[in-house]
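Using the UniProt record's numbering, you'd call the opening residue of the sequence shown number 1 and step up by one each time.
Note that the Cβ used here is the ideal one computed from N, Cα and C, for glycine as well.
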Amino acid sequence: MDARMILLVVLSGLAMWGAFPDQGWWPLMFVSLALLTGVVRRASAGWGAAYGALWAMVFFLPHISWMNIATNQTYLAWILLALAQAFFLALWGLSFAAVSRWPAAQTWWGEALAAAILWVGFEQIRARVPLGGFPWAKLPYGLVDSPLVHLAPWGGEVLVSAAAVVVAVWARRAVTGQWWLAVPALALFGAPALVPLETAPQNGTVNVLAVQGNVAIPMEETYAVAGQVTQNHVDETLRALDAGADPDLVIWGEDSVDRDPNTTELTAGLVEQVLERGQVPLVAGYQEYAHDERYNWYSVWYPGTGQGPDRYGKQHPVPWGEYVPWRSLSEFLATEAAAIRVDMASVDNPGLLPVTLADGRVVPLAVGICFEAGDEPIIAEGVRLGGEAIVIPTNNSQFRASAESTQQLQMARFRAAEFSRATLQVSTNGVSAVISPDGQVVAETDRQTAAHLSAEIPLRTSLTPAARWETALTGGAMGLAVLLGIGGLAWGWRRRG
1 MDARMILLVV LSGLAMWGAF PDQGWWPLMF VSLALLTGVV RRASAGWGAA YGALWAMVFF
61 LPHISWMNIA TNQTYLAWIL LALAQAFFLA LWGLSFAAVS RWPAAQTWWG EALAAAILWV
121 GFEQIRARVP LGGFPWAKLP YGLVDSPLVH LAPWGGEVLV SAAAVVVAVW ARRAVTGQWW
181 LAVPALALFG APALVPLETA PQNGTVNVLA VQGNVAIPME ETYAVAGQVT QNHVDETLRA
241 LDAGADPDLV IWGEDSVDRD PNTTELTAGL VEQVLERGQV PLVAGYQEYA HDERYNWYSV
301 WYPGTGQGPD RYGKQHPVPW GEYVPWRSLS EFLATEAAAI RVDMASVDNP GLLPVTLADG
361 RVVPLAVGIC FEAGDEPIIA EGVRLGGEAI VIPTNNSQFR ASAESTQQLQ MARFRAAEFS
421 RATLQVSTNG VSAVISPDGQ VVAETDRQTA AHLSAEIPLR TSLTPAARWE TALTGGAMGL
481 AVLLGIGGLA WGWRRRG
């Protein structure tokens, strides 16, 4: 055991934690990657795996500490989720340590290439498995304020993440002796800023009113009162309209209609009140209970006619948050799992919601509900199918004023830049934000307060390479990482044999 290496890995994990919200010191990401790759490249495969797992625990435990708020400080789900991420970082460490024994991987270009391929691939894999994966804390989300975000439209998460790893490796080598590598490192880091991010309208604009009604804490007690959350949203919407807001479209967040308006007269009447006053469409979220399951819907209502035919259903419910896998075992290990009495079912539908405005225009919205902001394929599909703006309805009330919502906001900002679409994150309790197609926040709310945002957003129709080739980019990244990792381990076994 090398105590110095362990200390460097711990410092690396803490640096990565500092790179993400609520700290948000994004340059620390390069420090973290430089330290971690420097340690693992010299380690055996076994120690590489151990260092990767240690780094993940040091980083993820504070990064997702908001899990404890959502689970009433029971800690088990928090620790298990961090351990799941540590498994994939252990695979990265195992693979990178093994590949680093190759002569080519010991060169300035070979090490950077190997580290990037493996990191990007395992980052994408952990966002998909198990049980749909956990997309939190991908490198690109922490870099939305860096020059590298300008690469997002050209290669999405894959390209931005790979560039970050290469910059970190070259910067470390420059500091430790190969000083000339500072030139390509700085060039790769800074040159993307010369590539403009498009923001101009391509199909007109739309005036939106995003409403955050707020959910009083504790949220369980507030949601227990039928119509309370919906009333909060009605009140804030009317406040905005009375103050002079003149929207084409009113947008509420996930679960903002707290009882199914198709079966509950109270919430149906509240929705109708907003429609009569505003005389514009309302987009809002509600849950439908049917056949011992529930569905998370995001739908549109129109003045005079009510709910329209189009709605989007959440495709990726959160395990142990919205449904309980392996229920008997889960409830045996953690009694709080029984609090989720009805499992949320996945809906097989594309992330697209067309809305017809009062002037007859049809505005297709690419939609991902809450954590789906991190599901690149869901948002990419909605954009490819014609989404001219992106909407992320979310209900962050379980997480109160924690960093969960600001971390999610970074995902929404990256999606905006990646797909060149104006993006709205609309929360029940914050943070809500209006984001321009270059990923910059135009306006945002505070957490745990009632608020609204009025904005004119551009509608865009062109497809970025990241949107067009998302499936090939991510599939290729995962395949290359697996092949490279297997190749490195096989080469090492043959040498020892």
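Hey, residue 460 and residue 247 are a contact pair by Cβ (cut 8 angstroms); roughly how many whole angstroms apart?
Not quite, the Cβ-Cβ distance comes to about 19 angstroms (not below 8 angstroms), so this is no contact.
Outcome for residue 47 when other beta-carbon atoms lying within 10 angstroms are tallied against a minimum of 16:
buried
Counting C-beta neighbours from all protein chains within 10 Å, is the total for residue 44 16 or more, i.e. buried, or is it exposed?
exposed
Top-ranked residue by Cα proximity to residue 106, from 94, 37 and 120
Selected option, being the one with the closest Cα: 37.
Reference residue 110, options 138, 170, 90 and 55, closest by Cα:
Residue 110 has its Cα closest to that of 170, out of 138, 170, 90 and 55.
Terminal residues of the alpha helix (DSSP H) in which residue 421 lies
Per DSSP, residue 421 belongs to no alpha helix (DSSP H) and is neither H nor E.
Would you mind stating whether residue 135 and residue 149 have Cβ atoms separated by less than 9 angstroms?
No. Outside cutoff.
Within the same chain, show all residues whose beta-carbon is closer than 8 angstroms to that of residue 205, passing over the 5 residues directly before and after it, in chain order.
456, 457, 458 and 459
Give the range of the alpha helix (DSSP H) segment to which residue 232 is assigned.
228-242
Burial state of residue 266 (16 or more Cβ within 10 Å)
exposed
Quick one: is residue 309 buried, meaning 16 or more other Cβ sit within 10 Å of its Cβ, or exposed?
exposed
Scan the region 282-356 and note each continuous beta strand (DSSP E) run of 3 residues or more that stays entirely inside, going in chain order.
282-290, 293-302, 306-313 and 352-356
For residue 91: DSSP bridge partner residues
None, per the DSSP bridge assignment.
Grab the span of the alpha helix (DSSP H) containing residue 32 for me, first residue to last.
28-40
Which of the three DSSP states is assigned to residue 364 in this structure?
strand
In its own chain, which residues sit with a C-beta less than 6 angstroms from the C-beta of residue 132, not counting the 5 before and 5 after it?
316
Please check the pair residue 23 and residue 60, which I expect to be a contact at CB under 8 angstroms, by giving their CB distance rounded to whole angstroms.
The pair is not a contact, with the Cβ atoms about 14 angstroms apart (cut-off 8 angstroms).
Beta-carbon proximity of residue 154 to residue 472, cut-off 9 angstroms:
no
With a cut-off of 8 angstroms, do at least 3 Cβ pairs link the region 388-395 to the region 360-368?
yes
Which residue spans inside the region 450-474 form an unbroken alpha helix (DSSP H) run of at least 4?
The DSSP assignment places 465-468 as complete runs of the alpha helix (DSSP H) inside the region 450-474, in order along the chain (cut-off: 4 residues).
Inter-residue Cα distance where the pair is residue 172 and residue 11
15 angstroms
Are the CB atoms of residue 433 and residue 418 nearer to each other than 9 angstroms?
no
Decide if residue 498 is buried, meaning its Cβ has at least 16 other Cβ atoms within 10 Å, or exposed.
In the structure as shown, the chain starts at 1 and stops at 497, and residue 498 therefore has no counterpart that could be examined.
Nearest-angstrom beta carbon gap, residue 300 and residue 283 [assumed within contact, 8 angstroms]
5 angstroms
Considering only their Cβ atoms, is the gap separating residue 395 from residue 408 smaller than 9 angstroms?
no
Please list, in chain order, all residues of the same chain as residue 164 whose beta carbon is under 8 angstroms from its beta carbon, the five residues on each side excluded.
29, 30, 33, 139, 140, 143 and 148
Going by DSSP in three states, residue 249 sits in which element: helix, strand or coil?
strand
Where does the unbroken alpha helix (DSSP H) through residue 273 begin, and where does it stop?
265-278
Pairwise C-alpha distance: residue 323 and residue 76
16 angstroms
So, at 7 angstroms on beta carbons, what are the nonlocal neighbours of residue 238 in its own chain, with the 5 sequence-adjacent residues on each side left out?
Cβ within range, chain order: 277.
Quick check on this structure: which residue in 71, 25, 120 and 80 has the alpha carbon closest to the alpha carbon of residue 479?
120
For residue 354 and residue 208, the rounded distance between their alpha carbons
15 angstroms
Pick from 196, 269 and 451 that is closest to residue 243, judged by C-alpha positions:
Comparing Cα-Cα distances from residue 243 to each of 196, 269 and 451, the minimum goes to 451.
Should residue 285 and residue 256 be called a contact, given that it needs their Cβ atoms to be closer than 9 angstroms?
yes
Would you call the CB atoms of residue 381 and residue 127 closer than 9 angstroms?
No; because the gap between Cβ atoms is not below 9 angstroms, this pair is not in contact.
Is the beta carbon of residue 100 sitting closer than 9 angstroms to the one on residue 41?
yes
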